[in-house]
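Peer 1: Chains as they are written, first to last, in the working numbering: chain A, 1 to 212; chain B, 1 to 10. C-beta atoms are modelled at their ideal positions from N, C-alpha and C, and glycine is treated no differently. Below: one structure in structure tokens.
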Amino acid sequence: MNIFRFAGDLSHVFAIIILLLKIWKTRSCAGISGKSQILFAVVYLTRYLDLFTTYVSLYNSVMKVLFLATSGATVYLMYVKFKATYDHNHDSFRIEFLLIPCALLSLVINHDFTVMEVLWTFSIYLESVAILPQLFLVSKTGEAESITSHYLFALGSYRALYLLNWVYRYMVESHYDLIAIFAGVVQTILYCDFFYLYITKVLKGKKLQLPA
Amino acid sequence: YPGVHVKDEL
Chain A
1 MNIFRFAGDL SHVFAIIILL LKIWKTRSCA GISGKSQILF AVVYLTRYLD
51 LFTTYVSLYN SVMKVLFLAT SGATVYLMYV KFKATYDHNH DSFRIEFLLI
101 PCALLSLVIN HDFTVMEVLW TFSIYLESVA ILPQLFLVSK TGEAESITSH
151 YLFALGSYRA LYLLNWVYRY MVESHYDLIA IFAGVVQTIL YCDFFYLYIT
201 KVLKGKKLQL PA
Chain B
1 YPGVHVKDEL
């Protein structure tokens with residue numbers, strides 16, 4: 001565990017808490033893509049199956065359970081409890097366009113052709129693109145509430161910090177995983193446009209509005 | 001052996 005990895009994890013947990021609090025306090029999930037949230041739930045479900053097979057550390061297990069529980073709670077709040085506030089019409093990204101290519105790619109490019117390894121690889125690929133329905137929703141409505149912007153910034157920062165963690169681990173421990181690194185780079189690139197808008201607008205107190 | 005990956009990250 002190094003500082004980049006820990007900061008990344010904190011940022012990830014922070015993002016999830018921001019999102020849950022936003023939905024809970026405003027009693028609304030307006031502006032949030034349920035499809036991205038479903039994809040994240042699929043990501044955690046397929047990646048953290050190893051909770052039952054491998055023990056890494058208490059920290060690791062607690063975080064995995066936390067991600068599974070909070071993503072389940074988010075999906076529940078969006079599709080059951082506050083269903084009426086869900087922005088159904090704007091959340092029109094077709095997730096099969098992400099699920100199918102990720103599934104095929106994980107069958108072809110993986111470290112080992114076993115069920116657990118392919119599912120892990122699938123979850124890594126899927127996570128890298130799971131935010132697309134959310135970014136698509138923001139681009140369709142042309143704006144995002146500040147709290148949603150903070151959520152996206154924290155969520156995007158998490159993988160960017162992991163990239164630094166991987167650079168550090170490569171140099172210090174000679175540890176690297178090309179699949180995770182490749183997907184992490186893709187994931188971070190997808191946020192770049194948003195990061196730019198966040199820094200130039202939201203941090204200056206303006207609402208995130210896309211240029212017409 | 002590089003095929004066996006240590007999955008110690010989240």
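1. Using a Cβ-Cβ distance cut-off of 8 Å, determine whether residue 188/A contacts chain B.
2. Is residue 63/A close to chain B? Criterion is C-beta to C-beta, closer than 8 Å.
3. Taking residue 118/A as the reference, which of 46/A, 31/A, 199/A has the closest Cα?
4. Examine chain B for any beta-carbon lying closer than 8 Å to the beta-carbon of residue 54/A, and answer yes or no.
5. From residue 100/A to residue 184/A, what does the alpha carbon distance come to, in whole angstroms?
6. Counting only Cβ pairs nearer than 8 Å, list the residues of chain B close to residue 24/A.
7. Which complete beta strand (DSSP E) runs does the stretch 72-98 of chain A hold, if anything under 3 residues is left out?
8. For residue 2/A, decide whether its Cβ has a neighbour in chain B, counting only Cβ atoms nearer than 8 Å.
9. Hey, out of 94/A, 26/A, 154/A, 175/A, whose CA is closest to residue 9/A's CA?
10. Is the CB of residue 159/A under 8 Å away from at least one CB in chain B?
11. Does DSSP put residue 208/A in a helix, a strand or coil?
12. What residues from chain B crowd round residue 50/A, counting only those whose CB sits closer than 8 Å?
13. Counting along the chain, where does the alpha helix (DSSP H) carrying residue 56/A start and finish?
14. If you compare alpha carbons, which of 187/A, 188/A, 171/A, 89/A is closest to residue 140/A?
15. Near residue 2/B, which residues of its chain fall below 8 Å by C-beta distance, leaving aside the five closest residues on each side in sequence?
16. Distance check for residue 116/A and residue 211/A, CA to CA, integer angstroms please.
Peer 2: In terms of the structure at hand:
1. Not one chain B Cβ lies under 8 Å of residue 188/A.
2. Yes, residue 63/A counts as interfacial toward chain B.
3. Closest by alpha carbon: 46/A.
4. Yes, contact with chain B.
5. Residue 100/A and residue 184/A have their alpha carbons spaced roughly 19 Å apart.
6. Under the 8 Å cutoff, chain B gives no residues; its nearest Cβ is about 24 Å from residue 24/A.
7. Listed in chain order, nothing qualifies, since the stretch 72-98 of chain A has no complete beta strand (DSSP E) run of 3 or more residues.
8. Closer than 8 Å: no.
9. Scanning 94/A, 26/A, 154/A, 175/A for the CA closest to the CA of residue 9/A turns up 154/A.
10. No, because no Cβ of chain B sits closer than 8 Å to the Cβ of residue 159/A.
11. In the structure shown, residue 208/A sits in a strand (DSSP, three-state: E or B).
12. Neighbours of residue 50/A in chain B, taken as residues whose beta carbon is under 8 Å from its own, are 7 in chain order.
13. In this chain, residue 56/A is not harboured by any alpha helix (DSSP H), its DSSP state being neither H nor E.
14. When 187/A, 188/A, 171/A, 89/A are compared, the shortest CA-CA separation from residue 140/A is found for 89/A.
15. Any reading at residue 2/B is ruled out, since the residue's pLDDT is 46, under 50, leaving its predicted position unreliable.
16. If I take the Cα positions, the gap works out to 44 Å.
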